[in-house]
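Visitor:
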Amino acid sequence: MNENILTVDHIVMQFGGLKALNDVSFNIERGEVHALIGPNGSGKTTMFNVISHVLEPTSGEVFLDGESLKKTKKYAVNRLGIARTFQHVSLFSNMTVEENIMCGRYSNTHQGILGAIFKTPAERREEEEIRQRARDEMKFVGLDDVADTKAKKLPYGDQRLLEIARALASDPKLLMLDEPAAGMNPSEKEHLGSLIRQVQAKGISVLIIEHDMKLAMSISQSVTVLDHGIRIAEGTPEEIQNNDKVIEAYLGKKV
Amino acid sequence: MWLYKLSEKLKPFSWGFAILAVAVMALIPQVAANSAYLTFNLAMVCIYIIVTAGLDILFGYSGQISLGQAGFYAVGAYVSAMLSLYTSIPVLLCIFIGAFASSIIGGAFAYPASKLVHHFLSMTTIGFGEIARLVFLNGGKVTGGAVGLLNIPGLKIGPLNLSSKQTFYYFILILAVLVLIMKRNLINSRLGRSFIAIRENQDASAAFGINVPITRTVAFMISTFLAGLGGACYAHLVRFISPETFTFDLSSMFLIMLLLGGKGSTMGCVLGVFIMTFGMEALQSFGRYRMLIYGIILLVVLFVIPMGITGKLSDYIEEQKEKIKAGEAGGAEKEGGDRA
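Chains H and A supply the protein sequences, listed in that same order.
All residue numbers for the first sequence refer to the working numbering, where the first residue is 1 and numbers rise by one.
All residue numbers for the second sequence refer to the working numbering, where the first residue is 256 and numbers rise by one.
Here it is, written out as structure tokens:
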């Protein structure tokens, strides 16, 4: 068993003349919550898109559990154990809450067209399992009383929770959260923090992009800081909070 | 309010209504006065239901538009007709080979096209529809050219002779019912959800393991299978086919049926097909102005009820449901307030 669940190895991501990520490397230890922070435009979401294979990096490699993801297809990343949420909420808006989470189970299930149209016993069993799992995840994030509500009708904070529930339904080894607290009020943020701790307690490693420093620092065990596509610091939350380079990136140079 | 309450009361009986509707459709040819004419039109209704159900899987659920369904309908019709004319393969098998041929051609067409979105896909499907028609028009003796194919044999299953329009109607009716049930099953499955997921959000679909181009192709193949099946049934019902049947007009009529009835529902395509089939029969006397009327119907539908009749109804019922819920919640709050 590999000690690191995810290894990001010298990733360069170039868009034309712009290097969005310049030789970035970091590790996520198995079972930890790892925060990825940095000012706007520092390349955090680009990093997410490289890890989840939405973008093909110009050079460098990503390893999940010691296995290179280089040859993996975009849609197969979830099957290998990476589930993510999106900075801009990307739910299936016209589906209900329950159906959204059921979709999260796609990679772990396998019934095809014949099972579907003939409603075979195996298909019924699998559907029942998927439904049960969706109910469990709904309960976990606290959306069980809106199971039949369409995703687009949910308040913003609940939509973010639904994205997390959908991601968890796929039994990920690594859960990637892209600004999950954006648009949440303080009590929702507190709920989110405790959810992330419970996810960690289940043995799932978490990579989180977060602008709310209080939340990011309170839930994470290690932090990577990006600025202009360069990794400028890595360490525990305490080390990061006292790091001059980080303070400079956020607040500007001392005069 | 009454509509919501009515829909709630009727919900437990929806299967009963479906069976009743099928029974009525089965009885009409036996009791109606103008029975031959009516039976033929009901048979066409069933064929159109099969095709429109396929189009709904493609457009209503997976969000891809096809304006070339007539082309796939023609492939099913011609393949089945030619096989039954030139070989000794039983007609029942020919019908399904026709449907499979249409599906395979659909797949070969859809995989490269699945990378296109929105109107680009619909453009290529228009192209396909025209190409298919021209191939059959210029196919020489094999396809019968402009004259088409005559004397297509009717359906015989073993000792059972279903070649008369009356008996073949029952075969198509059963087929249409099976198609609607299977469509419903499909939509409420893992695969069906993946179709809807792609319509809703392709990035999120891919992030959760759905192979978007392949899944879009599968949806396309199912829809072209059903178009081919409808076409094959048509060939053995009318027993004569010619290229002029399979024009762009027919493709657009399939789409209007779906849009008018309401995409994304079982009842939608059934309703749309009935209204259009019998409506168009009623407008027969307008002759060449019929296309103009098609166009006006399409425009009115798109502007007034973009979700179709069933879509509009279910939206309305949903709205009432929410109002009632909000009313109850408001009432409860008031009560709580009184107690405090």
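Glycine included, every Cβ here is placed at the ideal spot set by N, Cα and C.
Only a predicted model underlies this, so the values are computations on that prediction, with no experimental measurement involved.
Please state whether the Cβ-Cβ distance between P180(H) and I208(H) is less than 8 Å.
Guide: Yes, the Cβ-Cβ distance between P180(H) and I208(H) is below 8 Å.
Visitor: Counting only runs that start and end within the region 454-526 of chain A, where is the alpha helix (DSSP H) found for 4 or more residues in a row?
Guide: Correct list: 457-462, 467-493, 503-516.
Visitor: Can you give the Cα-Cα distance for D171(H) and K150(H), rounded to whole angstroms?
Guide: When rounded, the distance between both Cα atoms is 24 Å.
Visitor: Chain H beta carbons: is any one of them nearer than 8 Å to that of E385(A)?
Guide: No, no contact with chain H.
Visitor: Could you work out which residues of chain H lie near D458(A), taking near to mean beta carbons separated by less than 8 Å?
Guide: Those within 8 Å of D458(A) in chain H are V54, F86, S90.
Visitor: Here's a check: name, in chain order, each residue in its chain whose Cβ is nearer than 8 Å to the Cβ of T224(H), leaving out the five neighbours to either side.
Guide: Cβ within range, chain order: F26, H34, A35, L36, I37, R231, A233, E234.
Visitor: Looking at the strands, I want to know which residues DSSP matches up with V77(H).
Guide: V77(H) pairs with nothing; no bridge assigned.
Visitor: Considering only their Cβ atoms, is the gap separating K74(H) from A461(A) smaller than 8 Å?
Guide: Result yes, Cβ atoms of A461(A) and K74(H) sit closer than 8 Å.
Visitor: Name the DSSP bridge partner or partners of V34(H)?
Guide: The identity of residue 34(H) in the sequence shown is His, whereas the question assumes Val. BP columns for H34(H) point to L207(H), S222(H).
Visitor: Kindly indicate if chain A contains any beta-carbon less than 8 Å away from that of M213(H).
Guide: Not one chain A Cβ lies under 8 Å of M213(H).
Visitor: Relative to the alpha-carbon of S478(A), which residue among V493(A), A537(A), Y303(A), M280(A) has its alpha-carbon at the smallest distance?
Guide: The shortest C-alpha separation from S478(A) is found at Y303(A).
Visitor: Using the Cα positions of R439(A) and L515(A), report the straight-line distance between them to the nearest angstrom.
Guide: Near 19 Å, if we compare the C-alpha coordinates of L515(A) and R439(A).
Visitor: Report, in whole angstroms, the separation of the C-beta atoms of A122(H) and M102(H), which I expect to be a contact under 8 Å.
Guide: No, A122(H) and M102(H) are not in contact; Cβ-Cβ is about 17 Å, not under 8 Å.
Visitor: From the DSSP secondary-structure annotation, give me the bridge partner or partners of M176(H).
Guide: Answer is R84(H), L207(H), bridged to M176(H).
Visitor: If you measure beta-carbon to beta-carbon, which residues of the region 480-497 of chain A are closer than 7 Å to chain H?
Guide: Cβ contacts with chain H come from no residue of the region 480-497 of chain A.
Visitor: Name the two residues that bound the continuous beta strand (DSSP E) containing N27(H).
Guide: 18-29 is the extent of the beta strand (DSSP E) around N27(H).
Visitor: Classify T398(A) as helix, strand or coil using the three-state DSSP reduction.
Guide: It is helical.
Visitor: Please confirm if the region 372-389 of chain A is in contact with the region 498-513 of chain A, defined as three or more CB-CB distances below 8 Å between the two stretches.
Guide: They touch, by the three-pair rule.
Visitor: Does the structure place the region 384-399 of chain A close enough to the region 485-504 of chain A that three or more beta carbon pairs sit under 8 Å?
Guide: In short, these stretches touch, since the Cβ pair count reaches three.
Visitor: Suppose you measure from the CA of D178(H) to the CA of E210(H); what does that come to, to the nearest Å?
Guide: About 7 Å.
Visitor: Determine the extent of the beta strand (DSSP E) in which E3(H) is found, giving its start and end residues.
Guide: Element bounds for E3(H): n/a, residue is neither H nor E.
Visitor: Along the chain, where does the beta strand (DSSP E) containing G362(A) start, and where does it finish?
Guide: Per DSSP, G362(A) belongs to no beta strand (DSSP E); it is in the alpha helix (DSSP H), 346-368.
Visitor: Please confirm if the region 392-403 of chain A is in contact with the region 464-471 of chain A, defined as three or more CB-CB distances below 8 Å between the two stretches.
Guide: The region 392-403 of chain A is not in contact with the region 464-471 of chain A.
Visitor: Are Q132(H) and R445(A) close, meaning C-beta to C-beta below 8 Å?
Guide: The answer is no: Cβ separation not under 8 Å.
Visitor: Applying the 10 Å Cβ sphere with the 16-neighbour rule, what's the burial state of M546(A)?
Guide: Answer is exposed; the Cβ neighbour count stays below 16.
Visitor: From the DSSP output, which residues share a beta bridge with A233(H)?
Guide: Per DSSP, V225(H).
Visitor: Near G193(H), what residues of its chain come up, given a Cβ to Cβ distance below 7 Å and the 5 sequence neighbours on each side ignored?
Guide: Closer than 7 Å at Cβ, skipping near neighbours: L215, S218, I219.
Visitor: Determine which residues of the region 60-87 of chain H have a Cβ less than 8 Å from any Cβ of chain A, and write them out in chain order.
Guide: Residues K73, K74, Y75, A76, V77, N78, R79, A83, R84, F86.
Visitor: Would I564(A) be called buried (16 or more neighbouring beta carbons within 10 Å of its own) or exposed?
Guide: Burial call: buried.
Visitor: Taking the alpha helix (DSSP H) that L423(A) belongs to, which residues open and close that run?
Guide: One detail in the question is off: residue 423(A) reads as Phe in this sequence, not Leu. Residues 420-442.
Visitor: Let me know if N78(H) comes out buried or exposed under the rule of 16 or more other beta-carbons within 10 Å of its beta-carbon.
Guide: Flag for N78(H) reads buried.
Visitor: Which partner residues of Q14(H) appear in the DSSP bridge assignment?
Guide: Answer is K19(H), bridged to Q14(H).
Visitor: With which residues is F63(H) paired in a DSSP beta bridge?
Guide: In DSSP, F63(H) forms a bridge with T7(H), S68(H).
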